[in-house]
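2 protein chains.
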Amino acid sequence: MGAAKGSKRDTPTLMSLARELGVSHQTVSNVLNNPELVKPETRERVLKVIRESGYRPSAVGRALRTSRSMSIALRLRPSGDGVSREVMDRFVHHLAEGAQAKGYRIQLITAPDDVDEVRLLQELFRDGSIDGTILTDTHFDDLRPQVLASEGLPTVSFGRPWGASQPTVPWVDIDGAAGTYQATRYLLEAGHDTVGFISWPTSSGVGEDRRSGWMRGVADLTDDPAKWMVTCQDSVREGAAAAAELRSRGFTALVCAGDSLALGAASVFRVDHEGGPLPIVGFDDSPVARSLGLSSISQPVEDAAAQAISILLKLLRGDHDGPLEQLLLPPSLRIRDLELFAL
Amino acid sequence: MGAAKGSKRDTPTLMSLARELGVSHQTVSNVLNNPELVKPETRERVLKVIRESGYRPSAVGRALRTSRSMSIALRLRPSGDGVSREVMDRFVHHLAEGAQAKGYRIQLITAPDDVDEVRLLQELFRDGSIDGTILTDTHFDDLRPQVLASEGLPTVSFGRPWGASQPTVPWVDIDGAAGTYQATRYLLEAGHDTVGFISWPTSSGVGEDRRSGWMRGVADLTDDPAKWMVTCQDSVREGAAAAAELRSRGFTALVCAGDSLALGAASVFRVDHEGGPLPIVGFDDSPVARSLGLSSISQPVEDAAAQAISILLKLLRGDHDGPLEQLLLPPSLRIRDLELFAL
Numbered sequence: 190m191g192a193a194k195g196s197k198r199d200t201p202t203l204m205s206l207a208r209e210l211g212v213s214h215q216t217v218s219n220v221l222n223n224p225e226l227v228k229p230e231t232r233e234r235v236l237k238v239i240r241e242s243g244y245r246p247s248a249v250g251r252a253l254r255t256s257r258s259m260s261i262a263l264r265l266r267p268s269g270d271g272v273s274r275e276v277m278d279r280f281v282h283h284l285a286e287g288a289q290a291k292g293y294r295i296q297l298i299t300a301p302d303d304v305d306e307v308r309l310l311q312e313l314f315r316d317g318s319i320d321g322t323i324l325t326d327t328h329f330d331d332l333r334p335q336v337l338a339s340e341g342l343p344t345v346s347f348g349r350p351w352g353a354s355q356p357t358v359p360w361v362d363i364d365g366a367a368g369t370y371q372a373t374r375y376l377l378e379a380g381h382d383t384v385g386f387i388s389w390p391t392s393s394g395v396g397e398d399r400r401s402g403w404m405r406g407v408a409d410l411t412d413d414p415a416k417w418m419v420t421c422q423d424s425v426r427e428g429a430a431a432a433a434e435l436r437s438r439g440f441t442a443l444v445c446a447g448d449s450l451a452l453g454a455a456s457v458f459r460v461d462h463e464g465g466p467l468p469i470v471g472f473d474d475s476p477v478a479r480s481l482g483l484s485s486i487s488q489p490v491e492d493a494a495a496q497a498i499s500i501l502l503k504l505l506r507g508d509h510d511g512p513l514e515q516l517l518l519p520p521s522l523r524i525r526d527l528e529l530f531a532l
Numbered sequence: 190m191g192a193a194k195g196s197k198r199d200t201p202t203l204m205s206l207a208r209e210l211g212v213s214h215q216t217v218s219n220v221l222n223n224p225e226l227v228k229p230e231t232r233e234r235v236l237k238v239i240r241e242s243g244y245r246p247s248a249v250g251r252a253l254r255t256s257r258s259m260s261i262a263l264r265l266r267p268s269g270d271g272v273s274r275e276v277m278d279r280f281v282h283h284l285a286e287g288a289q290a291k292g293y294r295i296q297l298i299t300a301p302d303d304v305d306e307v308r309l310l311q312e313l314f315r316d317g318s319i320d321g322t323i324l325t326d327t328h329f330d331d332l333r334p335q336v337l338a339s340e341g342l343p344t345v346s347f348g349r350p351w352g353a354s355q356p357t358v359p360w361v362d363i364d365g366a367a368g369t370y371q372a373t374r375y376l377l378e379a380g381h382d383t384v385g386f387i388s389w390p391t392s393s394g395v396g397e398d399r400r401s402g403w404m405r406g407v408a409d410l411t412d413d414p415a416k417w418m419v420t421c422q423d424s425v426r427e428g429a430a431a432a433a434e435l436r437s438r439g440f441t442a443l444v445c446a447g448d449s450l451a452l453g454a455a456s457v458f459r460v461d462h463e464g465g466p467l468p469i470v471g472f473d474d475s476p477v478a479r480s481l482g483l484s485s486i487s488q489p490v491e492d493a494a495a496q497a498i499s500i501l502l503k504l505l506r507g508d509h510d511g512p513l514e515q516l517l518l519p520p521s522l523r524i525r526d527l528e529l530f531a532l
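Laid out in structure tokens, this is it:
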């Protein structure tokens with residue numbers, strides 16, 4: 190055991206573990222894949238050695254698996270009412286494309302909540318139906334990465350581990366703050382003295398991230414950014430009300446946490462607008478923003494999907510020495526002339 | 190062989206075919222599932238008997254399969270720019286939910302065209318990776334159903350076999366014509382003397398279907414419906430131009446083939462609108478229609494997905510005597526007060 194412990198070079202194999210334990214390699218394999226076939230005492234003894242080897246069970250489990258399912262699980266969520274849902278639709282498409290190019294396929298699962306998602310993923314992984322998973326829609330107090338990592342289930346997260354001190358699985362995310370910072374600076378450079386922000390409630394990691402970029406953009410202009418901001422729920426109507434409020438306070442340009450809010454804001458600001466880009470920037474570059482000629486911040490979804498697949502395949506190959514990958518991709522600003530209202 | 194031939198009652202089984210041929214049932218199974226393992230002469234002889242048995246290979250193949258993949262393939266297409274793409278997003282979600290409830294899972298595939306889609310489906314089916322497929326986005330001259338049916342691959346189509354004299358696989362579809370008919374009658378009953386139509390080019394089966402319902406709705410008002418209609422590409426800008434043209438001809442109400450067109454039309458008709466529902470009805474009830482308060486026709490996507498799964502499961506059980514199922518589901522009209530422009 191000494192050799193494997195503490196040295197990353199001596200990856201434990203089926204054979205080395207079995208040798209060390211004085212059992213057959215089939216027994217080690219059964220402990221990991223079909224534990225019910227193994228006597229409890231033997232199971233405990235084998236698991237103890239695997240744990241003490243200092244490696245995550247996943248590496249061992251994968252090495253022991255005789256065949257791959259070539260399937261990657263993805264939980265598909267209800268599409269909901271938001272105009273920005275298309276981002277996830279595109280992500281799923283590019284994920285399927287990227288996986289397929291490498292001989293893998295995306296298997297869709299649905300679940301009412303995180304608990305059921307994790308339970309289903311564990312089942313599918315244990316019976317060999319999936320090789321790994323891509324998590325989406327990460328949130329504060331999200332225990333899924335920890336549970337799946339301790340299961341040894343190869344997992345990549347699309348979305349940061351909001352609020353966690355350190356990640357337990359590799360992740361890819363979009364740098365929302367960089368996007369709203371860029372939008373804010375663009376509006377200031379276009380001649381506006383102030384740039385307000387329409388924010389989602391603070392419970393959302395994504396929303397806080399987007400707000401923080403705007404805040405950095407106006408940091409040298411105000412000591413009290415809270416007065417430059419209105420918080421509301423994500424709807425066109427609330428976005429319009431928030432925009433009317435900020436307009437009455439003298440704001441001539443706004444960055445919004447999402448395109449639904451921006452759409453509402455546009456309905457308020459378009460009234461005396463004289464052509465060219467409206468001084469409103471949304472987020473997600475949704476089909477409605479593209480259709481109406483609203484400026485927005487576009488997520489590099491194709492790149493995110495490609496990176497997520499690439500990292501997951503590294504995990505599946507057991508080729509993931511070193512620290513967990515954490516990849517923050519910059520979005521891009523799309524400035525457009527207002528189309529619908531100019532017609 | 191005589192018993193099996195011509196009689197639907199005596200379904201050939203692994204055993205009956207093997208008996209008839211004087212080979213082991215493993216050999217028959219190999220011919221269907223691992224043909225490369227069987228000597229060419231034997232393979233030919235077995236295939237000949239299977240063909241002559243008068244049954245589709247699928248029934249035999251399925252009966253011979255020792256294990257199911259419990260996977261259903263679905264080709265996911267690029268999301269494109271349309272505001273109506275969300276319909277497919279919701280369909281996929283409900284499909285995944287419905288399949289999972291029955292112990293199956295949706296496996297996503299991508300393909301640049303129909304040829305590659307069919308080739309990939311055949312490969313996956315032959316190597317036992319999928320049990321069946323759901324086709325979407327049917328179109329004129331769509332050969333996919335025929336090819337897959339002759340492969341014996343259990344297939345259900347979401348979308349009619351446009352232009353085909355008879356279907357080769359069961360299908361579920363939304364009755365677009367019923368939707369536009371209902372919208373047209375609603376507008377006439379609301380007091381409009383005429384109802385115009387903004388149409389897509391005629392190459393689309395879905396577009397023709399939607400136009401035909403409007404045409405039926407105005408049939409007793411005009412002998413020349415072509416004069417009540419403008420055809421254009423599916424964009425907000427073209428929808429606005431078409432609406433301006435119809436408005437200048439005196440039309441006070443419009444039905445549109447899709448929500449992008451309706452959004453453009455709304456921008457023209459909102460100008461002197463005095464509250465309440467705008468006399469414009471789109472199609473697909475997209476998030477943007479819901480956000481802006483545009484009236485639209487809503488597809489029963491959840492029901493369509495449930496029916497598609499249910500029919501496919503019948504095929505997988507071999508429980509599909511009688512004619513192919515053809516299911517046309519009625520959409521529903523959603524009348525809304527214009528929200529954005531009324532704010």
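Here the protein sequences come in this chain order: Y and V.
Here our numbering = 1-based position in the first sequence + 189.
Here our numbering = 1-based position in the second sequence + 189.
Every residue, glycine too, gets a C-beta built ideally from N, C-alpha and C.
Proximal chain V residues relative to residue i, where beta-carbon distance stays under 9 Å
i, result
"Y:Leu452", "Val477, Ser480, Leu481 and Leu529"
"Y:His282", "Leu265, Arg266, Pro267, Ser268, Leu297 and Thr299"
"Y:Ser449", "Pro476 and Ser480"
Straight-line gap, residue i to residue j (C-alpha atoms, nearest Å)
i, j, result
"V:His283", "V:Val217", "38 Å"
"V:Gln215", "V:Ile261", "26 Å"
"V:Asp461", "Y:Trp351", "48 Å"
"V:Leu501", "V:Val345", "6 Å"
"V:Asp412", "V:Gly380", "20 Å"
"V:Val291", "V:Leu342", "The sequence shown places Lys at residue 291 of chain V, rather than the Val named in the question. If I take the Cα positions, the gap works out to 19 Å."
"Y:Leu172", "Y:Pro468", "Chain Y is shown only over 190 to 532; residue 172 of chain Y falls outside these bounds and no answer can be derived."
"V:Arg523", "V:Pro466", "10 Å"
"Y:Met404", "Y:Thr369", "9 Å"
"V:Ala431", "V:Thr383", "16 Å"
"Y:Ser354", "Y:Ala455", "38 Å"
"Y:Glu528", "Y:Leu324", "37 Å"
"V:His328", "V:Ala497", "18 Å"
"V:Tyr244", "V:Val238", "Any reading at V:Tyr244 needs caution, since the residue's pLDDT is 42, under 50, leaving its predicted position unreliable; the model's value is listed next. Distance between the alpha carbons of V:Tyr244 and V:Val238: 10 Å."
"Y:Arg525", "V:Thr322", "41 Å"
"Y:Arg254", "Y:Gly507", "Caution applies to Y:Arg254, whose pLDDT of 44 falls short of 50 and renders its modelled position unreliable; the value that the coordinates give is listed next. Whole-angstrom Cα-Cα distance: 12 Å."
"Y:Arg426", "V:Leu504", "47 Å"
"V:Glu275", "Y:Arg400", "27 Å"
"Y:Leu310", "V:Asp316", "24 Å"
"Y:Gly428", "Y:Gly385", "12 Å"
"Y:Arg459", "Y:Gln488", "25 Å"
"Y:Asp409", "V:Pro390", "54 Å"
"Y:Arg160", "Y:Met204", "Because chain Y here runs from 190 to 532, residue 160 of chain Y falls outside it and cannot be looked at."
"Y:Arg251", "Y:Asp320", "The pLDDT assigned to Y:Arg251 is 43, lower than 50, so where the model puts this residue is not dependable, and the model offers no usable value."
Nearest candidate by alpha-carbon position, reference residue i, set the options
i, options, result
"V:Leu265", "Y:Gly317, Y:Val281 and Y:Pro267", "Y:Val281"
"V:Ser424", "V:Ser318, V:Leu435, V:Ala446 and V:Val470", "V:Ala446"
"Y:Asp398", "Y:Leu337, Y:Gly365 and Y:Gln422", "Y:Gly365"
"Y:Arg279", "Y:Ala493, Y:Leu517, Y:Glu514 and Y:Asp320", "Y:Ala493"
"Y:Leu297", "Y:Ser318, Y:Ala290 and Y:Lys291", "Y:Ser318"
"Y:Ser517", "Y:Arg525, Y:Arg349, Y:Pro267 and Y:Phe314", "As written in the sequence, residue 517 of chain Y is Leu, which differs from the Ser given in the question. For Y:Leu517, the nearest C-alpha among the options comes from Y:Arg349."
"V:Leu313", "V:Ser258, V:Val407, V:Phe386 and V:Val384", "V:Ser258"
"V:Gly546", "V:Ser456, V:Gln371 and V:Ser392", "No information on residue 546 of chain V is available, as it lies outside the stretch 190 to 532 that chain V covers here."
"Y:Ala338", "Y:Pro519, Y:Ala431 and Y:Leu513", "Y:Leu513"
"Y:Val307", "Y:Glu340, Y:Asp320, Y:Arg438 and Y:Glu275", "Y:Glu340"
"V:Asp362", "V:Leu376, V:Tyr375, V:Arg374 and V:Phe347", "V:Phe347"
Beta-carbon neighbours of residue i, restricted to chain Y and to distances below 8 Å
i, result
"V:Ile524", "Going along chain Y, no residue has its Cβ under 8 Å from V:Ile524, so there is no contact; the nearest lies around 18 Å."
"V:Ser484", "By Cβ distance, chain Y contributes nothing, its closest Cβ being about 16 Å from V:Ser484, past 8 Å."
Within chain Y, partners of residue i - CB distance below 7 Å
i, result
"V:Glu286", "Thr299"
"V:Arg294", "Gln296, Leu297 and Ile298"
Chain V residues whose Cβ lies nearer than 7 Å to that of residue i
i, result
"Y:Gln311", "Here the premise fails: no neighbours, minimum Cβ distance about 15 Å."
"Y:Ser339", "Here the premise fails: no neighbours, minimum Cβ distance about 24 Å."
Closer than 9 Å at the beta carbon, the chain Y residues around residue i
i, result
"V:Gln289", "Leu297, Ile298, Thr299, Ala300 and Leu309"
Tell me whether the segment 472 to 479 of chain Y and the segment 472 to 483 of chain V touch, counting them as touching only if at least three CB pairs, one residue from each stretch, are closer than 8 Å.
Per the Cβ contact rule, the segment 472 to 479 of chain Y is in contact with the segment 472 to 483 of chain V (3 or more Cβ pairs under 8 Å).
Is the segment 444 to 453 of chain Y touching the segment 483 to 491 of chain Y in the sense that three or more CB pairs, one from each, lie closer than 8 Å?
Yes, the segment 483 to 491 of chain Y is in contact with the segment 444 to 453 of chain Y.
Would you call the segment 326 to 342 of chain V and the segment 292 to 306 of chain V in contact, with 3 or more CB pairs under 8 Å?
Yes, since at least three Cβ pairs between the segment 326 to 342 of chain V and the segment 292 to 306 of chain V fall closer than 8 Å, the two stretches touch.
In chain order, what residues of the segment 417 to 428 of chain Y put their CB closer than 9 Å to some CB of chain V?
So the close ones are Ser424, Val425 and Arg426.
Is it the case that the segment 357 to 377 of chain V contacts the segment 413 to 422 of chain V, given that we only count it when at least three CB pairs across the two stretches are under 8 Å?
Touching, no.
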